[in-house]
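Numbering (this note's numbering), first residue to last: 1423 to 1716.
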C-alpha cells in the first residue's frame, strides 16, 4: 500500500494481526505534487522498541482525557533518529504506540501494543495522534511547515488562508466562503509547501472526515479575530510575521529544527500579503475581502 502526503511518499506494510482500514487517509493514494522523499513504513504488533539511548525532546500531556485521550512524547537519538511514543488513556484497544522514525534510512517502524494482540485489528496508518505528529516532521524535512488555518479557493482562482487559534472561526469562515461559491481546501490544518519559488497550501488528512488531497497557490492570509463588526486591516513587518508563526504547529526541540522552521515561516510570510480580519459570522465579510486591492 502507498500513501502520498504532500511531497512525501509512504510505502506501507502491516504484519501480525493488524490490517489497514483507510479513513482519514482514504483519498491520499495519488500524489498531487512532486515527490521529494519516500519512507518505508511498517506497522506491527510483534515486539517493541527500547527507549534506551533516546532523550526526551518534547511532550504533549492531555488535560482533558475525554477530548484528548492520550499523551504523546518525542524522543531523539543522534542526528537522524526520532522516537514518537503515545500512551492511550482509558482505552480497551490500543494501550500504547512506539514509532521509530529513522530519517537517514528513510524508515518508520510503528509498534502497536494492544490488550488483545491475538484479535484482528483494522487501523488507518494515520491514526491520531501519530498521523499529526508525522506530518510536522514530513513538512520540516521538505522545507515547509504546518499551520492552523482554513483555506479556500475563490471563484476567480485566488486562494485565501484564515489562521487563528482554535475556536476563533476558521471553520466558520470557510463555510461562509463555501456558501458564496468558493471551494474549501481544508477547514483546520494546512501544510505550506514551496514549489518553484511559490508557496502552496496542501490539504491534510482529517480524523473527523475524509479529506481529499488538494493543492493551491496562496494569494492572501488573514489573521482572524471575532468582532461585532466586519473590519479588515493590512499588516506588514516582523510583528505580523510573528503573528502568523504563532499559529503554526511547532516542535521547537532542537536548534536546527527551530532555525529551519523560522526561515520557512519568514520566507512565506514575507511573500504573502497579510491582513487582520475582525469579523462576525455573515457573508458580508466575503464581499469585503473580495473587494480588497493588493
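Glycine included, C-beta positions come from ideal geometry on N, C-alpha and C.
Name the residue from the options whose alpha carbon lies nearest to the alpha carbon of residue i.
i            : options                : result
residue 1475 : 1502, 1498, 1465       : 1498
residue 1672 : 1550, 1574, 1582, 1561 : 1561
residue 1765 : 1526, 1459, 1602, 1503 : Here the chain covers residues 1423 to 1716 and nothing more, so residue 1765 does not appear.
residue 1665 : 1584, 1494, 1518, 1552 : 1584
residue 1482 : 1710, 1698, 1507, 1657 : 1507
residue 1530 : 1513, 1505, 1582       : 1505
residue 1677 : 1599, 1432, 1460, 1479 : 1479
residue 1454 : 1582, 1428, 1528       : 1428
residue 1605 : 1616, 1591, 1633       : 1633
residue 1527 : 1461, 1591, 1544, 1486 : 1461
residue 1573 : 1458, 1489, 1600       : 1600
residue 1649 : 1558, 1591, 1581, 1557 : 1591
residue 1731 : 1443, 1652, 1500, 1521 : Given that the chain is displayed from residue 1423 to residue 1716, the structure contains no residue 1731 and the question cannot be resolved.
Assign residue i to one of two classes, buried (16 or more other C-beta atoms within 10 Å of its C-beta) or exposed (fewer than that).
i            : result
residue 1622 : buried
residue 1587 : exposed
residue 1611 : buried
residue 1655 : exposed
residue 1609 : buried
residue 1568 : buried
residue 1711 : buried
residue 1459 : exposed
residue 1626 : buried
residue 1500 : exposed
residue 1680 : exposed
residue 1581 : buried
From residue i to residue j, what does the alpha carbon distance come to, in whole angstroms?
i            : j            : result
residue 1642 : residue 1425 : 30 Å
residue 1640 : residue 1509 : 37 Å
residue 1536 : residue 1684 : 39 Å
residue 1445 : residue 1635 : 13 Å
residue 1477 : residue 1555 : 17 Å
residue 1570 : residue 1630 : 16 Å
residue 1534 : residue 1437 : 11 Å
residue 1373 : residue 1659 : What is shown of the chain runs 1423 to 1716, which leaves residue 1373 out entirely.
residue 1589 : residue 1619 : 33 Å
residue 1441 : residue 1576 : 39 Å
residue 1596 : residue 1637 : 16 Å
residue 1547 : residue 1450 : 11 Å
residue 1661 : residue 1512 : 42 Å
residue 1433 : residue 1447 : 13 Å
residue 1670 : residue 1714 : 25 Å
residue 1431 : residue 1489 : 30 Å
residue 1657 : residue 1688 : 14 Å
residue 1691 : residue 1651 : 26 Å
residue 1686 : residue 1559 : 14 Å
Tell me whether residue i counts as near the ligand ATP, meaning its Cβ is closer than 6 Å to at least one heavy atom of that ligand.
i            : result
residue 1702 : Among the components modelled here there is no ligand, and therefore nothing to report on the ligand ATP.
Any beta-carbon of chain B closer than 7 Å to the one on residue i?
i            : result
residue 1510 : Looking at the structure shown, chain B is missing, and only one protein chain is on hand.
3-residue-minimum beta strand (DSSP E) runs that sit fully inside the segment 1633–1706, ordered along the chain
1637–1639, 1642–1648, 1653–1657, 1696–1701
Could you pull out every unbroken alpha helix (DSSP H) segment of at least 4 residues lying fully inside the segment 1488–1567, listed in chain order?
Segments of the alpha helix (DSSP H) lying fully in the segment 1488–1567: 1552–1563.
Taking 8 Å as the threshold, find out whether the segment 1481–1496 comes into contact with the segment 1451–1471 through three or more Cβ pairs.
no
Is the number of C-beta pairs between the segment 1538–1545 and the segment 1563–1579 that are closer than 8 Å three or more?
no
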